[in-house]
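Quick note, my numbering runs 15 ahead of the 1-based positions in the sequence shown.
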Amino acid sequence: MPLLQYLRSFQRDYVLSHPNIKNFSTSPTLSPCRTAIGSPRSTIPGSHMAQFVEFFKNVFSWLSQDLEESMKTLHRKILLLEVLKDDVHEAYNHGKKRKRNVEKWLIDVGNNISESKALELYFPKELFLEVYESIDIWMSLMDDSVLSIGIYGMGGIGKTTLAMHVHNKLLKESTFLGHVYWVTVSQEFSIYKLQNDIAHVLKLYFSCENDERRRAAELFQAFKERGRFVLILDDVWNQIDAEEIGIPLGMNGCKLVITSRSSEVCHWIGCQKIIKVNTLSEQEAWELFLKKLGRVELHPRVEGICKKMVKRCGGLPLALVTLAGSMRRVSDIHEWRDASEGLAESCMGRAGMEYVVLPVLLYSYDRLRDTMLKGCFLHCSLYPENCHIPRDELIENFISEQLVERSYRSFRAEIDQGHAILNQLERVCLLEKTSNGTDVKMHVLIRDMAIEIAKENPRYMVKAGLHLREIPDVQEWTEDLDKVSLMDNTIMEISPGTSPKCPRLSTLILSGNPLKRIPDRFFVHMCHLRTINLSLTKIQSLPNSISDLEDLRTLKLKFCNELESMPSLEKLKELRHLDLTGTSIEEVPKDMDSLTNLRFLYLRCSKLKVLPTEILHRLSRLKVLSLPIHICVPIEKVEALKKLEVLEGRLNSARDLNRLLKSRQRDKRLSFYRLSLSSKRYRDFDDVHILSCKRAQFEDGSIMESSSCKDGNLLPRDIQELIFDNSGLSSCLMDDFPILNNARDLKSCIIENEDKLECIMRLSFSNDQQSSGAPFQSLEILKLGNLRNFIGLFMWEAAAPLSPFTFSWLKKFKIGHCCKVKKLFPQSLIHNFRNLEELMVFNCVQMEEIIEGDKNEGGNSISADITFPRLLILHLRNLPQLKSICKGLIVCDSIRHILLEGIKKIKKVPLYLKLLNGQPSPPPSLILIWICREDKEWWESLDWDHQNANSVLERLVRYFDGQWWMAQDQPSNFGSGPVDN
């Protein structure tokens, strides 16, 4: 349906029928808007654009009173109106060409109505109030005369959420070519810190570290080279001089957006457009509360109590979400009344806390009631503001500091309890999930609240991530301190003779500082210190006073790569956790065999020369053991560690793995593992935390050496990652590892440099692997590289069926340098790959077809359309014999990026282009088509089903030089593209 026709329908059905909008037909100021909607070929004069936008803001304000009945419909209408406003405004600015451009634009919009999925980028589901602000922000961003925009409102109102949605939308727009940058400023502001943060997002390295003027000039030049860009500074508290920082605010194409709690800050900075984010109305607040509460109907008496509590939140989204999270699954009216009273009481006696917001947050904290949960929550505040904290790291800290209570059971039980704690804190909105799913973060207000709580009991001093160059003054090191966090600062040294008197101090965190040395007497008056974290420092040696800390339980020195030696550990009988990963020690610490209570031992040190095996014999309580990959651990020593549940290191061969797995049938099973099976050559491990890893990598003939084992090659049943690299695989992977038929948790498989391998699995009626299960039913990532005899995924020995679940969850498939492969997928099995998101095929010199067509009785290929409902990325590169991608058309509305190079025998790219109003339309999600510059003539000569197809797609095409190659070992980066030269 053409857009103006759609708007006329909207006017008739929703606008003119609404009692508050009857003056639309008589308003003289809105006559041009009325005319545009009322006639088929009219446009809106630029002089009336403001009235047009303001009118529809009012429309939505009135209609929002009926929010409960028409929210979904409204969202769609709002988006279409917003698109109309932006593009009409742009068309108007083109002067004489206005009419032609507007008409062309209307065709494009008609062709892309399905792009209304962008609604959530404009209008977050939970904050309907942002409709109005997002209209103003977007208009200003598209207006070349507006160079700076200020968004302000009280804490917790949703400024950051609003700005982040605008940021995400801008990344998908071609206007700024992806030059959209986000920097969080925060309360602890300095020019030096802000310059560092901006340089980080620009990937700029300063030539002069300490000269702020020269740094500003370098930032200015870096921005200038990018041309058009948007810089978003979130959470600005102080006056900022853009010139001092290095932001070219007056430059054409430069856009600065800031968020702040103060309108004064916006005025100080000179924002040309200042937008206030208001609180939710009572109705909007009630809807948001009910949604987060997860319940549709409430008892009338409970509903009355709820409405009083919602009213106490003052329309603040953060407060509403937090309150609802803390009241989930509460049904007893007594508990509701108690909660209401508690909420009122928590407003009292909290000096310094922000009015209305923090009392609600404090009440959520008070409702935890479990001291263990409270302790874990407060521990998160030790990290810097806006820090993404790895869940595995937090859980390890909880266990090491005995904040969990299941140490008497298994290590796996402790891990599970740690995840349960974090999940509970997320559910009550005291922690937030991050986009990667492996980290958590604290909202700045919640962290402020936690730090405020920890000023009393327990007593914390938190100065993390503030770019401190020295430790706090001695008067701040009070005797009642329990924990001190100075992580992620720029502290290089501690003055000689410094010895804070903190007899109660249990935790000291100095990680992430360029600290080189600590005075000998620094720890003398910290006699009850239990945790020291010096990870990621430049410490060269530890003070001798550390050897006298008899209560010390955790010592972390991870990635202290200048540390070459350790003092005596003989007195540290209580030590449970020792992490020397990435240090430069060549010998294990003296008297380490006296650490009989040690549970965690991380010794991944690349310079360690030898591991005395008698030490492992003494450390019988070890639960976690991480060893350097260049040292092969004797299997009999590992077998003797009966309590071991986590192992990282190298075994000699697959035979050793078989032996280990059999022994673990009697003892505790391994909960997490990262094992290299190799007698000679090896690849180093990555830095993924061992507590989230279940991986085995077979290398250097390790399978061949164990092929005589009567039990075959065994694998842990819960294995998640497999790597084979010159391991000696035979012609079929499943022949060597029939146990893969039952590997239900396998997520990733990488196979490289296996000269004998011909296929992944054989298909025949006589083969047990077809009748007993569905291999690879959970596999998400498959990478195949440099397999010189590889023919295909499957080898048919009869017309045998394949389980519909095999490869059914595969998301990323990458194959390269497999010179004998001619056909990638048979068309009959495409349904198995219905969840494929990324497909990359490169340097397969005999590849003829990507999807092999089915044959009819006469042996001829059948042309049939194929659907990939989730495919996002398609890369085909250097396939000189490729003649066909697919016999029919590929229907793929989800596709975002296509890269084609060196496939000149292809005459037709079978991408389905939907016809809208008789014109072909690209898939709604398609962003870019990358074509090698040398193949430009080939691309322009391709055959399409519609004569206008090439011109329609041309606006999405970018050409790149043939020498460029896209991060082939990182499928997650396939969506990025080369610089357009």
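Idealized CB from N, CA, C, for every residue including glycine.
Since this is a predicted model, take the numbers as computed values, not measurements.
Among T522, C517, G330, the one whose alpha carbon lies nearest that of G168: G330
If you compare alpha carbons, which of F805, G716, I734, E767 is closest to C747? F805
Among the residues of its own chain, which have a CB less than 7 angstroms from the CB of E491, if the five just before and after it don't count? M476
Within the same chain, show all residues whose beta-carbon is closer than 7 angstroms to that of I404, passing over the 5 residues directly before and after it, in chain order. C395, Y398, D454, V455, K456
Can you tell me whether DSSP reads I509 as helix, strand or coil? coil
Residue from N893, S275, G261 whose Cα sits closest to the Cα of N253: S275
Tell me the rounded alpha-carbon separation between N728 and K588. 41 angstroms
Would you say the region 469–485 touches the region 418–432, given that touching needs at least three Cβ pairs under 8 angstroms? no
Run through DSSP, which three-state label would W197 get? strand
Is the region 750–757 touching the region 730–738, taking contact as three or more C-beta pairs under 8 angstroms? yes
Around the Cβ of A435, are there at least 16 other Cβ atoms within 10 angstroms (buried) or fewer (exposed)? exposed
Thinking E508 and R536 are a contact (beta carbons under 8 angstroms), I'd like their distance in whole angstroms, please. Wrong, their Cβ atoms sit about 15 angstroms apart, outside the cutoff.
Go ahead and label K709 buried or exposed: buried means 16 or more other beta carbons lie within 10 angstroms of its beta carbon, across all protein chains shown. buried
Terminal residues of the alpha helix (DSSP H) in which K184 lies: 174–186
Would DSSP call Y974 helix, strand or coil? strand
Runs of alpha helix (DSSP H) wholly within the region 391–430 (minimum 4 residues, chain order): 406–415
What is the rounded straight-line gap between the Cα of L305 and the Cα of L446? 20 angstroms
Using CA atoms only, rank isn't needed, just tell me which of L666, I561, E654 is closest to R684. E654
Which parts of the region 281–332 are runs of the beta strand (DSSP E), unbroken and 3 residues or longer, counting only runs that do not cross its ends? 288–291
Return helix, strand or coil for S786, following the three-state DSSP convention. Legend: pLDDT at S786 = 47, less than 50; position of this residue unreliable, value from coordinates given subsequently. If DSSP states are grouped into helix, strand and coil, S786 belongs with the helices.
If we count the other Cβ atoms within 10 Å of its Cβ and call it buried at 16 or more, is T596 buried or exposed? buried
Taking 9 angstroms as the cut-off, decide whether the C-beta atoms of L437 and L409 are in contact. yes
Where V539 and I650 are concerned, what is the direct C-alpha to C-alpha distance, given to the nearest angstrom? 42 angstroms
Could you tell me which whole alpha helix (DSSP H) segments of length 4 or greater appear in the region 690–767? 717–720, 748–751
Roughly how many whole angstroms lie between the Cα atoms of M541 and L271? 48 angstroms
T628 to E585, Cα distance in whole Å? 18 angstroms
Cut-off 6 angstroms between Cβ atoms - residues of its own chain near L383, not counting five sequence neighbours on either side: K389
DSSP-derived helix/strand/coil call for Y791: The amino acid at residue 791 is misidentified as Tyr; the sequence shows Phe. Reduced to three states, the DSSP call for F791 is coil.
Kindly provide the ranges of any beta strand (DSSP E) runs that are 3 or more residues long and lie completely inside the region 858–905, ordered along the chain. 864–867, 888–892
Can you tell me whether DSSP reads I153 as helix, strand or coil? Reading off the sequence, residue 153 comes out as Trp, not Ile. Of the three classes helix, strand and coil, the one that applies to W153 here is helix, per DSSP.
For the 8 angstroms Cβ check, are there 3 or more pairs between the region 308–325 and the region 187–194? no
Go ahead and pull the three-state DSSP assignment for H632. helix
Please list, in chain order, all residues of the same chain as M387 whose beta carbon is under 8 angstroms from its beta carbon, the five residues on each side excluded. L418, V419, E420, I436
Among I466, L915, Y927, Q934, which residue has its Cα nearest to the Cα of L393? I466
With DSSP run on the structure shown, which of helix, strand or coil describes K2? Residue 2 lies beyond the residue range present for the chain, which begins at 16 and ends at 996; the question has no answer from this structure.
Considering W492, what are the terminal residues of the beta strand (DSSP E) in which it resides? No beta strand (DSSP E) contains W492, which DSSP labels as neither H nor E.
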